[in-house]
Amino acid sequence: MDIPTSQLNDGHSIPQLGFGVFQVPPEDTAETVRAALEVGYRHIDTAQMYGNEEGVGQAIAESGIPREELFITSKLNNGNHRPADAERSFEETLRRLGTDRVDLFLIHWPLPTRYDGDFVSTWRTLTGFREDGRARSVGVSNFQPAHLSRIIDETGEVPAVNQIELHPYFGNEQARSASLEHDIRIEAWSPIAQGKVIDDEVLTRIGERHGKTASQVALRWHLQRDHIIFPKSMRRARMQENLEILDFVLSGEEMAEVSALDQGASGRIGPDPDTFDVVPD
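Going by the working numbering, 1201 is the number at position 79 of the sequence shown; the sequence numbering is gapless.
Printed below as a string of structure tokens:
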């Protein structure tokens, strides 16, 4: 299966369709990721806060797939923003994943109300991981336009990606537009609104024209907007279904119909990045 790639602003490329392990229990992660790799995924998205990096590493080690054929992303825990903590925890991430480098490492949340509002030094620390080769690319997650402007203005370093909540019910257009203005690629988390799209009448009607499900229509909408997506499922059949979005194309009118489902701020499912400040125990 020829999964399309997106070009990053640092010259590297990333598979546009990957597999996410958010909320996959640690004890089930190795088996789940093993199934995803067998189905055909080569881009795995995890995070320190998910608590399942070790399972991802186990599945990768047991797969026999050459490391250069895989794209591995992880993210910094909210409790590890201080530079020394970021350095220590990043080394732990490499150990848990069983690799000497990750392909992409992100600040998971900006936490503007924590750490005296200093996420700039955290960003500088991540760019150091890129410079020494332990992270091929670095980026951010859940960064608002003002957060992006601040780290770029103060460091001169532009993130490769911004991973933000984005789905048909929440276009997150301000963060999306601000990212694209800096040539930052968009990664869309919760691409099918945590399953809320599956019964949507508009998406279902469009899907019927193409012999596809409402979820597949939503995922195809993302691809045609050049978003990077990594839907999660613990069911092998659904993993396969999520890959089967490369053999049809939405028309311009259909794309507009999906975009028109945007509910603005009321469509947001996750926390507001301007106020979210949860640090796990």
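Every residue, glycine too, gets a C-beta built ideally from N, C-alpha and C.
What did DSSP end up calling residue i once you bin it into helix, strand or coil?
i       : result
Pro1267 : helix
Thr1221 : coil
Ala1310 : strand
Val1283 : strand
Thr1127 : strand
Ser1301 : helix
Leu1139 : strand
Ile1350 : strand
Pro1132 : Per the sequence presented here, residue 1132 reads as Asp, with Pro not at that position. Of the three classes helix, strand and coil, the one that applies to Asp1132 here is coil, per DSSP.
Thr1397 : coil
Val1319 : helix
Ala1388 : According to the sequence shown, residue 1388 is Ser rather than Ala. Correct three-state label for Ser1388: helix.
Asp1275 : helix
Can you find the residues in the same chain that come closer than 6 Å, C-beta to C-beta, to residue i, ignoring five residues on each side of it along the sequence?
i       : result
Phe1241 : Pro1232
Ala1336 : Val1319, Ile1320, Asp1322, Leu1325, Thr1326, Gly1329
His1203 : Tyr1237, Thr1244
Pro1148 : Gly1173, Asn1174, Gly1177
Gly1261 : Leu1228, Pro1281, Ala1282, Val1283
Leu1288 : Asn1294, Ala1310
Pro1234 : none
Return yes when at least one heavy atom of the ligand MN lies under 7 Å from the C-beta of residue i, else no.
i       : result
Asp1399 : This structure does not include the ligand MN; it has no bound ligands of any sort.
Determine the extent of the alpha helix (DSSP H) in which residue i is found, giving its start and end residues.
i       : result
Asp1150 : 1148-1161
Ile1328 : 1323-1332
Ser1185 : 1175-1185
Ser1337 : 1336-1346
Arg1358 : 1358-1365
Gly1374 : 1374-1381
Are any of the Cβ atoms in chain C nearer than 8 Å to that of residue i?
i       : result
Thr1335 : Considering every chain present, this structure includes no chain C. It has just one protein chain.
Since residue i contacts residue j with CB under 8 Å, what's their CB separation in whole angstroms?
i       : j       : result
Met1356 : Asp1150 : 7 Å
Pro1395 : Phe1265 : 7 Å
Ala1310 : Pro1267 : That pair is no contact at about 17 Å.
Ser1263 : Asn1284 : 7 Å
Ile1136 : Ile1286 : Rounded, the Cβ-Cβ distance is 15 Å, inconsistent with contact.
Thr1168 : Ser1185 : About 15 Å separates the two Cβ atoms, so there is no contact after all.
Ile1391 : Ala1315 : 6 Å
Thr1277 : Thr1249 : 7 Å
Asn1199 : Gln1170 : 4 Å
Could you pull out every residue in the same chain whose Cβ sits closer than 7 Å to the Cβ of residue i, ignoring the five residues on either side in sequence?
i       : result
His1304 : Leu1270, Ile1274, Val1280
Tyr1172 : Val1143, Phe1144
His1344 : Ala1310, Pro1313, Ile1351
Ala1183 : Gly1220
Glu1191 : Arg1164
Ala1157 : Arg1358, Met1361
Would you give the residue range spanned by the beta strand (DSSP E) that residue i belongs to?
i       : result
His1289 : Looking at the DSSP string, His1289 is not in any beta strand (DSSP E), and its letter there is neither H nor E.
Asp1167 : 1165-1167
Going along the chain, which residues of its own chain have a beta-carbon closer than 8 Å to the beta-carbon of residue i, five neighbours each way excluded?
i       : result
Gln1346 : Val1371, Leu1372, Met1377
Pro1205 : Ser1243, Thr1244, Arg1246, Thr1247
- Within the region 1193-1263, ranges of the alpha helix (DSSP H) (whole runs, at least 4 residues): 1205-1219, 1242-1253
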